[in-house]
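Protein chains in written order, with the working numbering: chain A, 1 to 205; chain B, 1 to 205; chain C, 1 to 205.
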Amino acid sequence: MRFRIRPVETTFYDLFSESASHLVAGSDLLAGILADGVDREALADQMREAEHQADETTHRIVRLVNSTFVTPFDREDIYSLASALDDVMDFMEEAVDSIVLYDVSEFPPHFADQLDVLQRASRLTADSMPRLRTMKNLDEYWIEINRLENEGDRNHRRILAHLFGGSYKAMQVLKMKDIVESVEQAIDALETVANIVEQIAVKES
Amino acid sequence: MRFRIRPVETTFYDLFSESASHLVAGSDLLAGILADGVDREALADQMREAEHQADETTHRIVRLVNSTFVTPFDREDIYSLASALDDVMDFMEEAVDSIVLYDVSEFPPHFADQLDVLQRASRLTADSMPRLRTMKNLDEYWIEINRLENEGDRNHRRILAHLFGGSYKAMQVLKMKDIVESVEQAIDALETVANIVEQIAVKES
Amino acid sequence: MRFRIRPVETTFYDLFSESASHLVAGSDLLAGILADGVDREALADQMREAEHQADETTHRIVRLVNSTFVTPFDREDIYSLASALDDVMDFMEEAVDSIVLYDVSEFPPHFADQLDVLQRASRLTADSMPRLRTMKNLDEYWIEINRLENEGDRNHRRILAHLFGGSYKAMQVLKMKDIVESVEQAIDALETVANIVEQIAVKES
């Protein structure tokens, strides 16, 4: 007689890592907009393509949830984590799109710092996803994401203070505010990803 | 000897359908604001009344959850779905209210298209709610809502590009941006409704 | 033979009450900004300190969830309630910070009313948290928070109508809009707290 067991489907871990790696690509593309002489239209196309690939990964996760008997953690949590990772990409894409759409080419001080925070938080998230497998050593990830989110919050307020400081016209402020808010929302969404990972770890422990 | 069973309370299905039918009424009222010679104050009153009726339906669902022994799916999911449907109505009512409050009477190109997307997504949602009963044939609903949300996203960006294109004053942009964002949030909220339905279907399958 | 039981950890109730009491302090600080001759920088420092203390309470709740065997209600619900209370404080702090950052010293009519709504909703929340212990007599809390949220919504719309009424420049509108939206988000977040309490009560009943 032979036993067949239904193993836990481990492809999820690979897909979450893949999803986070799209964010690294996306944050690098967004930061690339600051480079001199960059072809903005081409960059916006690349960003749309990156966002499309991230969508594909998200859909693969959702389809796998639907067809898998034993998931490594709660179905709803897999769903939440996939959605949260997807949200980050949407905000990044929105930022690039607004920059091109509004034809903004001068950015306030600290905007480059803010994109740097986003890049570092994206890399940290991608580096931490493989640790979902063991649920070990995730504390430093949460602590560091929280620190980066605080840094991003300080940058964001400095940028707003500058925008409202009197050297910009209302129309310019309106445009820039939209852009810097998309970047801040992307950073916040990376903190949401970390919070969901924390909640999963709490449940599984 | 007699057996008494506690049947699953099916009134929930009717109430979700009722909730979604309020959205059809709401999206039609909102689109009505574009008609020539419309009495805006009267329309805003009708919208407030529609929103009030939607609230009533939401409260009936919540009360029924509290008093029901066997619910057709998880209590929390019923709660989430009811709240999500209610959110759509709130955004629609906010859009009408802002139009009247800010006294806006000229709208950018593609705004009519955007209201059309909202009407179609509302109708699709209302048509799909009865299918919660069997949890069958819901895939086309998700796929089509996603398509409509993408169409809405493209419209939204076109509208913003136009608003920021140089032919409006900052104050006009500020007003219009509030209005078009409420419409976009209503469309997004309809996608959230579809996502919650999908999550419920995944759990129940 | 001796029995050892693992009692339900009741410290959670005290921590939720502590968390809500930070909100009372925060809303009083925010309302203090309207007083004549107030030292705004000093008040912003006090607000940051209050927000920091609220963070500390939130982290203690999260750590306690992680180390507790029998929680008084679902771990995820404890987590959601702690986050929702924390969100309220963040919006209050954001409002004070924006006022100081944008150097705004004149406020539209009804702004004082709106801060009054926030103070009353914060006190009501703090008064209701101890009732989580018995889950009794919470109905009047939900009803009254909903009433206050509606009152806040009406104030918010009156403030916006005034801001867009023609007596302000676009730049002033942009600044004030940010501030009044933070206050409205704080009031909305108090309604979210009440909704989470309601959901917990539904589950536990």
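We put the beta carbon where it would ideally sit given N, CA and C, even for glycine. These numbers were taken from a predicted model, which means no experiment stands behind them.
* Given V202/B as reference, the closest of T11/A, V65/A, F12/A once Cα atoms are compared -> Within the second sequence, the letter at position 202 stands for residue 202/B. Checked all of T11/A, V65/A, F12/A; the closest Cα to V202/B is V65/A.
* Asked: Can you find a C-beta in chain B that's less than 8 Å from the C-beta of Y168/A?
  -> Counting from 1 along the first sequence, the entry for residue 168/A is found at position 168. Chain B, which has no Cβ nearer than 8 Å to the Cβ of Y168/A, makes this no.
* Do three or more CB pairs link the stretch 186–201 of chain C to the stretch 149–162 of chain C at distances below 8 Å? -> The stretch 186–201 of chain C, when compared against the stretch 149–162 of chain C, does touch it at the 8 Å Cβ threshold.
* Identify the contact partners of D97/B in chain C, using a Cβ-Cβ distance below 8 Å as the criterion. => Translated into positions along the second sequence, residue 97/B becomes position 97. What D97/B touches in chain C: R157.
* **Coarse secondary structure for T68/B, derived from DSSP in three states** => For the purposes of this step, residue 68/B is identified with residue 68 of the second sequence, where counting begins at 1. It is coil, neither helix nor strand.
* Closer than 8 Å, CB to CB, is L207/B near chain C or not? -> Examination of residue 207/B is not possible in this model, given that chain B is present from 1 through 205 alone.
* To do: Quick one: measure Cβ to Cβ for M92/C and L30/C, integer angstroms, because I've assumed they're closer than 8 Å.
  => Along the third sequence, one-based indexing puts residue 92/C at 92. Along the third sequence, one-based indexing puts residue 30/C at 30. Yes, they are in contact, since the Cβ atoms of M92/C and L30/C sit about 5 Å apart, within 8 Å.
* For the stretch 67–81 of chain C and the stretch 152–168 of chain C, state whether three or more C-beta atom pairs, one from each stretch, are separated by less than 8 Å. => no
* Test: L160/B CB closer than 8 Å to a CB of chain C -> Along the second sequence, one-based indexing puts residue 160/B at 160. Judged by the 8 Å Cβ criterion, L160/B is not in contact with chain C.
* To do: Please decide whether N195/C counts as near chain A, where near means a Cβ-Cβ distance under 8 Å.
  => If you number the third sequence from 1, residue 195/C lands on position 195. No, because no Cβ of chain A sits closer than 8 Å to the Cβ of N195/C.
* What distance in whole Å lies between the Cβ atoms of I99/B and I78/B, which are believed to be in contact at a cut-off of 8 Å? -> What you label residue 78/B is simply residue 78 of the second sequence in a count that begins at 1. What you label residue 99/B is simply residue 99 of the second sequence in a count that begins at 1. So it is not a contact: roughly 33 Å between Cβ atoms.
* If you measure beta-carbon to beta-carbon, which residues of the stretch 172–193 of chain B are closer than 7 Å to chain C? -> L174, K175
* Asked: Based on Cα-Cα distance, which residue from E106/B, S27/B, R131/B lies nearest to S122/B?
  -> On the second sequence, position 122 is the one that residue 122/B refers to. When only C-alpha atoms are compared, the closest one is S27/B.
* **Partner residues on chain B for L101/A, Cβ-Cβ distance less than 8 Å** => Counting from one through the first sequence, the residue named residue 101/A turns up at place 101. By Cβ distance, chain B contributes R157, L160, A161, F164.
* Cβ contact (3+ pairs, closer than 8 Å) linking the stretch 9–26 of chain C and the stretch 94–113 of chain B -> no
* In chain order, what residues of the stretch 112–138 of chain A put their CB closer than 9 Å to some CB of chain C? -> Across the stretch 112–138 of chain A, no CB contact with chain C closer than 9 Å is found for any residue.
* How long is the line joining the alpha carbons of P109/A and L34/A, rounded to whole angstroms? -> Along the first sequence, one-based indexing puts residue 109/A at 109. Along the first sequence, one-based indexing puts residue 34/A at 34. Going from the Cα of P109/A to the Cα of L34/A covers about 12 Å.
* Do E9/A and T71/A have their CB atoms nearer than 8 Å? -> Taking the first sequence and counting its residues from 1, the one referred to as residue 9/A is at position 9. Taking the first sequence and counting its residues from 1, the one referred to as residue 71/A is at position 71. Yes, the pair counts as a contact, with Cβ atoms nearer than the cut-off.
* So which residues of chain B does R75/A contact, with C-beta pairs closer than 9 Å? -> The residue you call residue 75/A lines up with position 75 of the first sequence. Residues of chain B passing the Cβ test: Q199, V202, K203.
* To do: Report the rounded CA-to-CA distance for I145/B versus E191/B, giving the unit in angstroms.
  => Position 145 of the second sequence holds residue 145/B. Position 191 of the second sequence holds residue 191/B. Going by the C-alpha atoms only, they are around 6 Å apart.
* chain B residues whose Cβ lies nearer than 9 Å to that of V65/A -> Your numbering for residue 65/A matches position 65 in the first sequence. Chain B residues near V65/A: V202.
* Residue from F73/B, Q119/B, V104/B, A194/B with nearest C-alpha to E41/B -> Working through the second sequence from its first residue, we reach residue 41/B at position 41. Ranking F73/B, Q119/B, V104/B, A194/B by Cα distance to E41/B puts V104/B first.
* Could one say the Cβ of S67/B lies closer than 8 Å to chain E's Cβ atoms, at least one of them? -> This model lacks chain E altogether, as its protein chains are A, B and C.
* Asked: So, is the C-beta of Y13/A closer than 8 Å to a C-beta in chain B?
  -> Counted from its first residue, the first sequence places residue 13/A at position 13. Judged by the 8 Å Cβ criterion, Y13/A is not in contact with chain B.
* Compute the distance between the beta-carbons of A20/B and L85/B, then report whether it is under 8 Å. => Counted from its first residue, the second sequence places residue 20/B at position 20. Counted from its first residue, the second sequence places residue 85/B at position 85. The answer is yes: Cβ separation under 8 Å.
* CB-CB length for A44/C against D97/C, believed under 8 Å -> Position 44 of the third sequence holds residue 44/C. Position 97 of the third sequence holds residue 97/C. Yes, A44/C and D97/C are in contact; Cβ-Cβ is about 6 Å, under 8 Å.
* Which ranges would you report for the alpha helix (DSSP H) in the stretch 89–150 of chain A if only whole runs of at least 4 residues count? -> 111–128
* Asked: Would you say Y79/B reaches chain C, if we count a Cβ-Cβ gap shorter than 8 Å as a contact?
  -> Counted from its first residue, the second sequence places residue 79/B at position 79. Output row for Y79/B: interface = yes.
* Return the residue from the list E204/C, Y141/C, M129/C, R147/C that minimises the CA-CA distance to H22/C. => The sequence position of residue 22/C within the third sequence is 22, counting from 1. Residue nearest to H22/C within the set E204/C, Y141/C, M129/C, R147/C is M129/C (criterion: CA-CA distance).
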